[in-house]
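To start, the structure under review is shown below, and the notes come after it.
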Amino acid sequence: MTGHSEPGASRDGYGDALLDIASDERVVVLEADLGKSTKSCHFRAEYPDRTFCLGIAEQNMAIVGAGLAEAGRVPFASTFAIFSERAFEQFRNGIARTGLIVHLCGSHGGMHTGPDGSSAQSTEDIGIFRTLPGVTVLHPSDRNSARSLTVKLLEHRSPSYTRTVRNKTAEIYSELEAKNLEIGKAAILRKGTDAAIIACGVMVEQALIAADALSEGGVEVMVIDMHTIKPLDLDAVLMASETGAIVTAEDHSVIGGLGSAVAEVLAETSPTMMRMVGVRDEFGESGSPTEIMTKMGLTSDEIIRRVNQMLTK
Amino acid sequence: MTYGNLSDLEESAKRCRRRIIDMVYTAQSGHPGGSLSCIDILAALYGKTMRFDPHNPDWHDRDRFIMSKGHASPAVYSVLREIGVLSDEDLSGFRSMGSVCQGHVDRKWTRGVDFSAGSLGMGLSFGLGSALAARLDGSDRHTWVLLGDGEIQEGQVWEAAMAVPHLDVVNITAIVDRNRIQNDNFVSEQMGVGDVSAKFASFGWNIIEIDGHHMPSIVNALDRSRESSVPTAIVAATVKGKGVSFMEDNPAFHGAAPNKTQYVTAMEELR
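One line per chain: the protein sequences are A and B, in this order. Per this note's numbering, the first sequence starts with residue 5, numbered consecutively. Per this note's numbering, the second sequence starts with residue 40, numbered consecutively.
Dropping the structure here:
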């Protein structure tokens, strides 16, 4: 891999990864007029013959991917997370159901996307794609992990949906650490026995901030980056449940997202006290990422509040 | 390339019509009308035009056929039986649990089926992907997509129709089965689709209009479309339920099975 040590957004990691895997002739890139935003533009610049822009037509893009996949290509299609939802039924019937392997990336996911406002702030994408049999759902937390996990999709034997985000976030993984990540295997970023925070995407950084603050008060929490929402790493969830108190944290609706996925598993295996930090069944609005995340309760402070709520019970 | 001449193809289509009626009657469900309207075209494609090896339906460099109106599955199964990919026993299980002949065409269940349809409007997009893959492979294989005229009310069809000429894709043919009837009623009543040929032409498609039941016209149009230097849309005027008098032009037989008396009459007419 070529080096990118400067901080970036997870969407930059997607763009990096497409170049990393470009030498494999099976790779084709599909765009819906947002390549500059999702960062497939770098692949386009180098490999125009294997890049197809379908215009502002996400439904067509998804199924063109299926046609390419049937003939042995490995399509990587991207648009905004919110518009990936427009192609949901195509993904369901034309990709997931057919067993054809197409990788769809939705960038600018979540409230974190900010000033465009509620029309662009997808907080359902992970939830809906997670309902599809056999579909892998990823939501990396930083540029390096987005890059590494996208590279690994090349040999992944299931179709996938990956959510990336627009804005720069802290580096969670060095390049070397990121290379060791595996799809479907959560990363334990911090050990602790008092409680566990299971987070994804931009909330992983918030979870680490929260863990530092809690530690100063003598509370040691485990922090897990659940970059793969499906298939969910059951061992990691059960490990978290041993602390007896779990907070999930996601820039996504608490209906259907990471919190739901964790709760589904625990309800049937090891019922554990839980709190969910996420979007509480409402739409966002325009604002800076920090403003809107604060308003929606998607912060380290909210995570701390939720941990303390359980520990004082 | 199974049949040498036009009368062989016509006989083949007639056998397929009988199989369509048999399947739908046996299952007591399915879509006879739109299967009968496109079966002459399918008989020509699989009997003469398409590059397809019945002994190796998975051959990578075969022509692709996409039945975008996936509920017309009896037409596909009957023609796959005709060329020996499916058996009579396969067809007799149509729409029953575990059968390779699923209600709507499904690539996971049936050898020789390239795309899983049933949700309308997706086939031309899939065909575009197939055609782009052929171009990347440097292959001259062709992609054939059959669409219903009710189906083209779906907006995605026009996303794909716009994209094919824009991307300079020529190794694809769209065939519109213009039988003028959809699920609830006539297309003109449900949502008029206007001048179908003009719509495709406006995006840069070559247009061939034919009688979709006249075998010489069908074969000629398919051959010309393969040789065309721009993508071709064949708009085929057809009759829903063609070949069975009481099903012809009758919206009631879009998705209804004949009863016993009707079955006997239909098979008499298709002798």
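Using N, Cα and C, we set each Cβ at its ideal position, and we do this for glycine too.
Neighbour flag for residue i against chain B, beta carbons, 8 Å
i, result
"Ile56/A", "For the record, residue 56/A in the displayed sequence is Phe; it is not Ile. For Phe56/A, the answer is yes, since a Cβ of chain B falls inside 8 Å of its Cβ."
"Ala100/A", "no"
"Ile201/A", "no"
"Ala81/A", "no"
"Gln63/A", "yes"
"Glu74/A", "yes"
"Leu22/A", "no"
"Gly138/A", "no"
"Ala70/A", "yes"
"Ser39/A", "Note on identity: in this sequence residue 39/A is Gly, with Ser being the wrong assignment. By this cut-off, Gly39/A is not an interface position."
"Ile67/A", "yes"
"Gly17/A", "no"
"Arg77/A", "yes"
"Gly59/A", "yes"
"Thr316/A", "no"
With 16 other Cβ atoms within 10 Å as the buried cut-off, status of residue i
i, result
"Phe133/A", "buried"
"Thr102/A", "buried"
"Met40/B", "Note that Met40/B has pLDDT 45, beneath the 50 cutoff, so the model's placement of it is unreliable and the number below is only indicative. Counting Cβ neighbours within 10 Å, Met40/B comes out exposed, since fewer than 16 surround it."
"Lys317/A", "exposed"
"Met230/B", "exposed"
"Lys234/A", "buried"
"Ser9/A", "Note that Ser9/A scores a pLDDT of 46, beneath 50, so its modelled location is shaky and nothing firm can be said."
"Pro79/A", "buried"
"Phe292/B", "buried"
"His256/A", "buried"
beta-carbon residue i near the ligand HEM non-hydrogen atom, thresh 7 Å
i, result
"Met297/A", "Although the ligand HEM was asked about, the structure shown includes no ligands whatsoever."
Own chain residues within Cβ distance below 7 Å of residue i, not counting five before or after
i, result
"Val226/B", "Asp188, Gly189, Arg219, Ile220 and Val232"
"Arg146/B", "Val152, Asp153, Phe154 and Ser155"
"Pro293/A", "His116, Gly118 and Asn171"
"Asp37/A", "Cys57, Gly59 and Ile60"
is_contact[residue i, chain A] using C-beta, thresh 8 Å
i, result
"Gln192/B", "no"
"Ala237/B", "no"
"Met201/B", "yes"
"Leu119/B", "no"
"Gln141/B", "no"
"Glu50/B", "no"
"Ala291/B", "no"
"Ala172/B", "yes"
"Gln67/B", "no"
"Gln301/B", "no"
"Leu206/B", "yes"
"Glu307/B", "no"
"Leu130/B", "no"
"Leu186/B", "no"
Cβ pair residue i, residue j closer than 8 Å
i, j, result
"Ser149/A", "Ala182/A", "yes"
"Val209/B", "Ser268/B", "yes"
"Pro163/A", "Val106/A", "yes"
"Met226/A", "Gly196/A", "yes"
"Val283/A", "Met297/A", "no"
"Phe104/B", "Trp183/B", "yes"
"Leu338/A", "Asp198/A", "Since the first residue shown for chain A is 5 and the last is 317, residue 338/A is missing from the structure and cannot be characterised."
"Met207/A", "Ala253/A", "yes"
"Ala63/A", "Arg30/A", "Inspection of the sequence shows that residue 63/A is occupied by Gln rather than by Ala. The answer is no: Cβ separation not under 8 Å."
"Gly71/A", "Gly166/B", "yes"
"Val124/B", "Arg217/B", "no"
"Leu163/B", "Ala199/B", "yes"
"Ile192/A", "Ile228/A", "yes"
"Lys87/B", "Val258/B", "yes"
"Leu302/A", "Val269/A", "no"
"Ser158/B", "Glu93/A", "yes"
"Pro280/B", "Arg56/B", "A small fix is needed here, since residue 280/B is Gly in this sequence, not Pro. For Gly280/B and Arg56/B, no; Cβs fall outside 8 Å."
"Ile191/B", "Val215/B", "yes"
Beta carbon proximity, residue i to chain C, threshold 8 Å
i, result
"Gln229/B", "You won't find chain C in this structure, because its protein chains are A and B."
Cutoff 6 Å; reference residue i; Cβ partners in own chain excluding five residues on either side
i, result
"Pro11/A", "Lys172 and Glu175"
"Phe95/A", "Ala66"
"Tyr302/B", "Tyr64"
"Ser74/B", "Ile59, Ala111, Pro113 and Ala114"
"Gly294/B", "His70"
Cβ-based neighbour list, residue i, same chain, cut-off 8 Å, excluding 5 preceding and 5 following
i, result
"Gly7/A", "Only weak support exists for where Gly7/A lies, its pLDDT of 39 falling under 50; the value from the coordinates is given anyway. Same-chain partners within the cutoff: Glu179."
"Gly194/B", "Gly160"
Interfacial residues, the region 143 to 156 of chain B to chain A, with Cβ spacing under 9 Å: Asp145, Arg146, Lys147, Asp153, Phe154, Ser155 and Ala156
Please list the residues of the region 155 to 170 of chain B that have a C-beta atom closer than 9 Å to any C-beta atom in chain A, keeping them in chain order. Ser155, Ala156, Gly157, Ser158, Gly160, Met161, Gly162, Leu163, Ser164, Phe165, Gly166, Leu167, Gly168, Ser169 and Ala170
Name, going along the chain, the residues of the region 94 to 126 of chain A whose beta-carbon falls closer than 7 Å to a beta-carbon of chain B. Gln94, Asn97, Gly98, Arg101, Thr102 and Gly103
Of the residues that make up the region 276 to 298 of chain A, which ones have a beta carbon closer than 7 Å to any beta carbon in chain B? none
Counting only Cβ-Cβ distances shorter than 7 Å, please list the residues of the region 204 to 231 of chain A near chain B, keeping chain order. none
Check distances from the C-beta atoms of the region 66 to 97 of chain B to those of chain A and list, in chain order, the residues that come in under 9 Å. none
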